[in-house]
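Residue numbers (the numbering used here): 2 to 1029.
Virtual Cβ for every residue (Gly too), placed ideally from N, Cα, C.
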């Protein structure tokens, strides 16, 4: 046994290919197409490597597999229900499994050497007609078994569920197998690779539309809620999430098929949305399938069961997948220290750009697998070396490389780090491009000079400074494109840029002022790269900082390998820079170059910063333009224009209140933006000025009513010796009579209308309330007010035609308008006087006092509840006068009158709280009101009860702006807010009735209504007067 083991070890150390020259059969174009003979000549044949293959079994009697079958091979499926289950029975049920196995690893002495002809095989007979006893899903069981195998890293899967229907536009739910997805997750979580064929559905008689993407296992990493509406699959409402498959130490590799001319086979599904984990390999494309394979080699020549002739041709993505599996086996032998991600990145980075499709594209993924490139590159590099690569060439460093010091990249071509490179000194990219598609570990730092480019989809470990261009994703291989197009570059190939991808930094990154960061935006799919997605830069690790700087250049068209049809709408967000695991983002881009095309006509791109990332967001080109395109009132338009003036330069980091406001607006769609604008506008603020004026006006009305009592056409009997006080609970009118409570009034003589009853001072008090409502108008919000308070006064008649007094008041007002709720406390003191020379009645009032308003408003901002509050202080002044002429009629007094009221309220500057609040400057609110009307009074007795009714009918008119606008500011930019116009003219009607019997008790009630075109106000009183 020891000798046998020694022989195996020796064979692993000295591959057979180094001693025996193996060449492909002339009937085999596959190995030569991908450069396998070059790898064999270098001594890499898959020796010491074991591949697992889940298929229909294997003809173990075939000489091409002699000594290759691993004893851990297992049977999970049956050829029929009648088959007796034997766990070790791995014999092929149909030739398929034998043919695919031969592509990967048929021996070098066979008539059709496999890609890794010295590799061994674990046969997993998992594709059959029936599951083996006790097994619910033979493929899932096979994958799960593979996940547990030691020293078996690759599983080759040329399996897809047989479809009985055709004409699919997207893959139906029954093609998604969550049991198999879970098994695949277990495998890749163990650092393994599943190489899976994408399917043969794209032929025009099958499902050419759905066939633009794979189905089955290769599609699993794409399946997640974020991609469910992408038009690729229908999960039947299951809301599957297999996205964890993208974040493991292992991975799935999707494989499509090409023919001998390196073009996609007519039947082969495109890689589509799986491009960033996909490759192409020879699968055959014969004329019978509409392809261009030569008649002598109509497909892939490989092993068949001995009973079927031992060798023959077959075609399909089934034949392409094992070509990739075999290529990985070659790399496993060549680079035993590489893990699954290293191996995959080497193959991805070195794939050939074919058929005019650059970089990562939706047809071929990374391109045609090229294991010869995957073992290329220097094994050592002297310190200070200049690595010169001339355009259009791309040089690959695939081998593990530890340099003896730093090096400099020169020349205008591309150097691609495909494997693991460790540079023990400074790395300078002076010219051309450095693509890091594998792993570059820095001993000191990486500097990218102005005019040079850093790109890739790999990882850079160490500190990086960029003075030139930074981009994520794969760089095109222009030499490939030229060579595969007869010596000229195909039309339409972008000459700059990369395909969308993800580039990771494990270290500090500094973008200098001269740097340009290019970000491809080809879609919003949640995959690591490729068409239909966008670039991502990741800085990882505690303490690492990405310092933004230079210019940000988003790109929507002319993206290599991209769909180049994506037009994101307003609200779309693309988090292209992410800091993870304790890393941070600092600094700011100096600006952003807007894409020349691809954006909506009313959109632009902005950058939204956070401590752990930066996102590109599509925002309105003008918020004023957005507001004007919708039914929007003048408040919204004014705010939107202010936002446009305050808006920072696109691409720059926001700060302070700008971060609070634009940080919430950016990323909102049109509807969300308008909702947020409405909330920010603080429209209800315009109703607060009129509310304060209303409080003073209400006080003045009470004084006017008091004066009307003093000048009443009826007077009470002379006052009793004892003081009398009248109290009431009422609204809007005087509640206290100046006369003694127990004395019945008597009528004046017709010629004594001007007489005032002289006497001692009278004191009075009143509680009042008022309710008013202004309707919405011209798109402006209405308002409602409810106020109440108390008034106390004292007055006396100083002569038979002159009376005067003073009063103080307190009013509490509640105001609601739009999203605002406010409470105002108003204090006022007043002097008033009435002069009645003959039938003429003249009155005047002067009031002044402070007012304090506390307000708050709640609204939706950025789809979240938000609130602000504030408090304002101010001082009000009111002056009013009126004059009337009293006519004494039998049983009544009628007084036509006219009056004028001037109001002024001076509010001090104040600001609302939080970063979403508005600022308000010192402002004066004014109102000028005229009123003309008629007062009528009478007095009569019914059954011992004295009744005194009073009626007032008038017409009022307001002049000027009436305090309906207020100035506001957001981010230092002013605009005007307006309240709905209640109407300048008002009809006023007032009726009050007072009744008493002999004694000291009087009852009264009153109602006053004011009616405008768009508003109404109502006040009512019910009172009780007591005297002593």
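(request) Enumerate in chain order the residues of its own chain whose CB-to-CB distance from residue 745 is below 6 Å, with the five nearest sequence positions on each side excluded. (result) Its pLDDT being 41, under 50, residue 745 is placed unreliably in this model, and the value from its coordinates should be taken loosely. Hits under 6 Å: 947.
(message) Could you check whether the Cβ of residue 71 sits closer than 8 Å to any Cβ belonging to chain D?
(response) Here there is only one protein chain, and chain D is not present.
(request) Specify, as a first and last residue, the run of the beta strand (DSSP E) that residue 950 falls within. (result) Looking at the DSSP string, the run of the beta strand (DSSP E) that includes residue 950 is 946-960.
(request) Would you check if the distance between the CB atom of residue 596 and the CB atom of residue 556 is smaller than 8 Å? (result) yes
(request) Give the C-beta separation of residue 360 and residue 533 to the nearest angstrom, bearing in mind that I take them to be a contact with Cβ-Cβ under 8 Å. (result) Actually they are not in contact, since the Cβ atoms of residue 360 and residue 533 sit about 14 Å apart, beyond 8 Å.
(message) What does DSSP give as the partner residue(s) for residue 328 in the beta ladder?
(response) Per DSSP, none; premise fails for residue 328.
(message) Less than 8 Å between the C-beta atoms of residue 799 and residue 808, yes or no?
(response) No, the Cβ-Cβ distance between residue 799 and residue 808 is not below 8 Å.
(request) Starting from the N-terminal side, write out each stretch of the beta strand (DSSP E) that is 3 residues or longer and does not extend beyond the stretch 872-948. (result) 888-890, 893-908, 924-939, 941-943
(message) Going by the DSSP bridge assignment, what does residue 132 pair with across the sheet?
(response) 78
(message) Checking 8 Å against the spacing of the C-beta atoms, do residue 927 and residue 958 come in under that value?
(response) Not closer than 8 Å, so no.
(request) Return yes when the C-beta of residue 191 is under 7 Å from any heavy atom of the ligand ZN, and no when it is not. (result) By its list of ligands, the structure shown contains no ligand whatsoever, and the ligand ZN lies outside what it can speak to.
(message) Going by DSSP in three states, residue 205 sits in which element: helix, strand or coil?
(response) coil
(request) Determine, using beta carbons only, whether residue 366 and residue 246 come nearer to each other than 8 Å. (result) no
(request) Jot down the residue ranges of each uninterrupted beta strand (DSSP E) in the stretch 156-216, minimum 3 residues, whole runs only, in chain order. (result) 194-198
(request) Confirm, please, whether the CB-CB distance from residue 690 to residue 902 is below 8 Å. (result) no
(message) Using the Cβ count rule (16 or more neighbours within 10 Å means buried), how would you classify residue 306?
(response) buried
(request) Count the other C-beta atoms from every protein chain shown that fall within 10 angstroms of the C-beta of residue 168, then say buried if there are 16 or more, exposed otherwise. (result) In summary, residue 168 is exposed, with fewer than 16 beta-carbon neighbours lying within 10 Å of its beta-carbon over all protein chains present.
(message) Using a Cβ-Cβ cutoff of less than 6 Å, which residues in the same chain neighbour residue 951 once the five nearest sequence positions on both sides are dropped?
(response) 938, 993
(request) Answer with buried or exposed for residue 765, where buried requires no fewer than 16 other C-beta atoms within 10 angstroms of its C-beta. (result) Around the CB of residue 765, 16 or more other CB atoms lie within 10 Å, so the residue is classed as buried.
(request) With DSSP as the reference, label residue 1012 as helix, strand or coil. (result) Residue state, collapsed to three classes: strand.
(request) Flag this pair as yes or no: are the beta carbons of residue 512 and residue 470 separated by less than 8 Å? (result) no
(request) Count the C-beta pairs between the stretch 437-451 and the stretch 341-348 that are closer than 8 Å, then say yes if the count reaches three, no if not. (result) yes
(request) Below 7 Å CB to CB, which residues in the same chain sit around residue 225 once its five sequence neighbours on both sides are set aside? (result) Residues of the same chain with a CB within less than 7 Å of the CB of residue 225, apart from the 5 flanking positions on each side, are 242, 243, 244, 527 in chain order.
(request) Have a look at residue 178 and residue 523 and give me their C-alpha separation to the nearest angstrom. (result) 29 Å
(request) Compare the beta carbon distance of residue 25 and residue 114 with 8 Å and say whether it is the shorter of the two. (result) yes
(request) Hey, could you find the ends of the beta strand (DSSP E) residue 706 is sitting in? (result) Where residue 706 is concerned, there is no enclosing beta strand (DSSP E), although the alpha helix (DSSP H) it sits in stretches over 689-711.
(message) So, does the stretch 73-83 touch the stretch 120-131, judging by three or more C-beta pairs under 8 Å?
(response) Touching, yes, given that three or more Cβ pairs across the two stretches are closer than 8 Å.
(message) Along the chain, where does the alpha helix (DSSP H) containing residue 41 start, and where does it finish?
(response) Residue 41 -> alpha helix (DSSP H) spans 37-42.
(request) Give the secondary structure of residue 320 by DSSP, where H, G and I count as helix, E and B as strand, and everything else as coil. (result) Reduced to three states, the DSSP call for residue 320 is helix.
(message) Measuring straight from C-alpha to C-alpha, what distance separates residue 638 and residue 629?
(response) Rounded to whole angstroms, residue 638 and residue 629 show a C-alpha spacing of 7 Å.
(message) Counting beta carbon pairs with one atom in the stretch 670-679 and one in the stretch 577-597, are three or more of them shorter than 8 Å?
(response) Taking a contact to require three or more Cβ pairs closer than 8 Å, the stretch 577-597 and the stretch 670-679 do not qualify as touching.
(request) Compare the C-alpha of residue 372 against each of 614, 635, 32, 569 and name the closest. (result) Between residue 372 and the set 614, 635, 32, 569, the nearest pair of CA atoms involves 32.
(message) Using 8 Å for Cβ pairs, my map puts residue 965 next to residue 980. What's the rounded Cβ distance?
(response) 5 Å
(message) Between residue 149 and residue 101, how many whole angstroms is the CB-CB distance? I'm expecting something under 8 Å.
(response) Wrong, their Cβ atoms sit about 23 Å apart, outside the cutoff.
(request) Report the rounded CA-to-CA distance for residue 119 versus residue 337, giving the unit in angstroms. (result) If you draw a straight line from the Cα of residue 119 to the Cα of residue 337, it comes to about 16 Å.
(request) Kindly identify the DSSP beta-bridge partner or partners of residue 253. (result) In the DSSP assignment, the residues bridged to residue 253 are 195.
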